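J.: Add 58 to a position in the sequence shown, counting from 1, and you land on the number used in the working numbering.
Below you will find the structure I want to go over with you.
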Amino acid sequence: MIVVGIDGTEVSKNALEWAVREGAVRQTSVHVVHAWRYDPMTDLLPSQQIKEDSTELLAREVALVTGTPRTDNVSYSSVQGDAARVLHEVSEGADMLVLGSHQRNALGEVLLGSVSRECVRHATCPVVVVPAAGS
């Protein structure tokens with residue numbers, strides 16, 4: 059199984075497209091994951107709405123790439139939690155973890171951290187980081 063993390067950006071769509079193509083070549087399933095957070099002190103929407111929005115994002119992105127929101131080879135899950143931690147946990151035992159690279163500058167890396175950096179550091183499977191178009 060190939061696990062791919064998405065966040066709704068063009069970069070993550072590129073990673074999803076790459077993962078689906080690679081899944082076809084390897085004749086293996088692809089599991090798409092969107093991690094989300096909820097903070098009752100700062101979020102205006104209830105956690106259930108954020109989860110529903112996450113699930114809709116997954117269905118929409120999978121449909122854009124595969125032509126349908128559900129296939130036999132592509133599944134998805136919306137998981138509450140820190141993206142790097144969620145991807146690490148979901149990818150345990152996977153053949154591969156695929157991520158898109160946002161290529162932040164050095165200051166952005168320090169302030170925001172890097173999901174791909176954390177996943178590469180702690181992964182229990184090979185990690186593919188798909189670069190942004192034109193990189």
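Where a beta carbon is used, it is the ideal one built from N, C-alpha and C, also for glycine.
Just so we're clear, the structure is a prediction, and the values are computed from it rather than from any experiment.
(1) Could you pull the start and end residues of the alpha helix (DSSP H) that residue 152 belongs to?
(2) Given 8 Å as the limit, is there contact between the segment 102 to 117 and the segment 67 to 86, that is, 3 or more CB pairs closer than that?
(3) Applying the criterion that 16 or more other CB atoms from any shown protein chain within 10 Å of the CB defines a buried residue, is residue 81 buried or exposed?
(4) Specify whether the segment 172 to 190 and the segment 130 to 147 touch according to this definition: at least 3 beta carbon pairs, one from each stretch, less than 8 Å apart.
(5) My output table needs one value for residue 160: the three-state DSSP class, helix, strand or coil.
(6) Does the segment 106 to 123 come close enough to the segment 150 to 161 to have 3 or more Cβ pairs within less than 8 Å?
(7) Which stretch, first to last residue, makes up the beta strand (DSSP E) that contains residue 135?
(8) What separation, rounded to the nearest whole angstrom, lies between the Cα atoms of residue 166 and residue 63?
(9) In the DSSP assignment, find the alpha helix (DSSP H) that holds residue 108 and state where it starts and stops.
(10) Around the C-beta of residue 147, are 16 or more other C-beta atoms found within 10 angstroms, so that it is buried, or is it exposed?
(11) So, under 8 Å CB-CB, residue 92 and residue 61 are touching, yes? Tell me the CB distance rounded to an integer number of Å.
T.: Result, derived from the coordinates:
(1) Residue mapping note: residue 152 aligns to position 94 of the sequence shown, counting from 1. First-last for residue 152: undefined, no H or E at that position.
(2) Contact between the segment 102 to 117 and the segment 67 to 86 is not established, with fewer than three Cβ pairs separated by less than 8 Å.
(3) Here residue 81 refers to the residue found at position 23 of the sequence shown. In the assembly as shown, residue 81 is a buried residue. Its beta-carbon has 16 or more other beta-carbons within 10 Å.
(4) The answer is yes - the segment 130 to 147 touches the segment 172 to 190, with three or more Cβ pairs under 8 Å.
(5) As a position in the sequence shown, residue 160 is number 102, starting the count at 1. Coil at residue 160, not helix or strand.
(6) Counting Cβ pairs under 8 Å, fewer than three are found: no touch.
(7) Taking the first residue of the sequence shown as 1, we reach residue 135 at position 77. Residue 135: member of the beta strand (DSSP E) spanning 132 to 138, first to last residue.
(8) Position 108 of the sequence shown holds residue 166. Position 5 of the sequence shown holds residue 63. Residue placement at residue 166 is flagged as unreliable, the pLDDT there being 47, under the threshold of 50; a coordinate-derived value is accordingly withheld.
(9) Translated into positions along the sequence shown, residue 108 becomes position 50. First-last of the alpha helix (DSSP H) with residue 108: 105 to 124.
(10) For the purposes of this step, residue 147 is taken as residue 89 along the sequence shown, with counting starting at 1. Classification of residue 147: exposed, given that the 10 Å Cβ count is below 16.
(11) Along the sequence shown, one-based indexing puts residue 92 at 34. Along the sequence shown, one-based indexing puts residue 61 at 3. Cβ-Cβ separation between residue 92 and residue 61: approximately 12 Å, too far for a contact (criterion under 8 Å).
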